[in-house]
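Under the UniProt record's numbering, the first residue of the sequence shown carries the number 1, and numbering increases by one thereafter. The beta carbon of each residue, even a glycine, is placed where N, CA and C say it ideally should be. The model shown is predicted, which means the values in this text are computed figures rather than measured ones. Read the structure below first, then the notes.
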Amino acid sequence: MKISLKKCNFGFEELKALGHIVSVLRLGIDKNKVAAVLLKPIPQNKKEIMSFLGFSSYYRKHLKEFAILAKSLYRICDQQTVFEMTQERIEAYEKIRKALTEAPLLLIPNWNIPFELYIDACGDALGAALNQVQIID
């Protein structure tokens, strides 16, 4: 394995990498990547919805309750399901797009303040998240 100095970044406090804005203390979504998705119309077929879900799922750690929001959209990706963008699915699509534009920054943990553990379960899913609320200047 070789390192290419042309591809390395030194001395930066913040840089763009793999669709994220990365700094020493935080990780955020690159808004330029999200802007391209916001310009696209509502998906018209399974390929387009799968592309959208792949993109948004990449940022799922920034999106609260992503699995719940995307559930109805994942259902129409099944081969046996006829593609139909119902009002419920259009609303889910719009909520995910909105969540992408409002996604919070992820910060490194501050071991001096408490963490919050969120656990949720329902008939066909369960999840947990360890959170910490931090105030940024």
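Determine the direct distance from the alpha carbon of residue j to that of residue i, and round the result to whole angstroms.
i    : j    : result
K98  : W111 : 31 Å
Y74  : R60  : 14 Å
I49  : D78  : 11 Å
P114 : Q134 : 10 Å
G28  : N45  : 30 Å
Y15  : I21  : Residue identity differs from the one stated: residue 15 is Leu in this sequence, not Tyr. Roughly 6 Å separates the two Cα atoms.
E65  : I108 : 21 Å
S23  : K6   : 20 Å
Q94  : C122 : According to the sequence shown, residue 94 is Glu rather than Gln. Approximately 23 Å between the Cα atoms of the pair.
V91  : K47  : Before going further, note that residue 91 is Glu rather than Val in the sequence given. Roughly 19 Å separates the two Cα atoms.
N13  : L39  : Before going on, a small fix: residue 13 reads as Glu here, not Asn. Looking at the two C-alpha atoms, the distance is approximately 30 Å.
G54  : G11  : 33 Å
I136 : A35  : 25 Å
Would you grab the beta carbon distance between residue i and residue j for me? Rounded to a whole angstrom, and I think it's under 8 Å.
i    : j    : result
A103 : L130 : That belief does not hold up - the Cβ atoms of A103 and L130 are roughly 18 Å apart, past 8 Å.
A70  : I96  : 6 Å
A67  : A125 : 6 Å
G19  : K33  : 5 Å
L100 : S51  : At roughly 14 Å, the Cβ-Cβ gap does not stay under 8 Å, so L100 and S51 are not in contact.
L117 : R26  : Not a contact, Cβ separation roughly 21 Å.
Please return the same chain residues whose Cβ sits closer than 8 Å to the Cβ of residue i, not counting the five positions on each side in sequence.
i   : result
R89 : S72, L73 and I76
V37 : F52, F55, S56, R97 and L100
Looking only at its own chain, which residues have a Cβ that is under 7 Å from the Cβ of residue i, when we skip the five neighbours before and after it?
i  : result
A1 : Inspection of the sequence shows that residue 1 is occupied by Met rather than by Ala. No residues qualify anywhere along the chain.
Short of 6 Å in beta carbon distance, which residues of its chain neighbour residue i, apart from the five on each side in sequence? Order them along the chain.
i    : result
G127 : D120
N9   : L15
inquiry  = Just to confirm the assignment: which complete beta strand (DSSP E) runs, minimum length 3, are found wholly within the region 3-31?
reply    = The region 3-31 contains these whole beta strand (DSSP E) runs: 14-17, 20-23 and 26-29.
Quick one: complete alpha helix (DSSP H) runs, 4+ long, within the region 40-126? 46-58, 66-75 and 87-101
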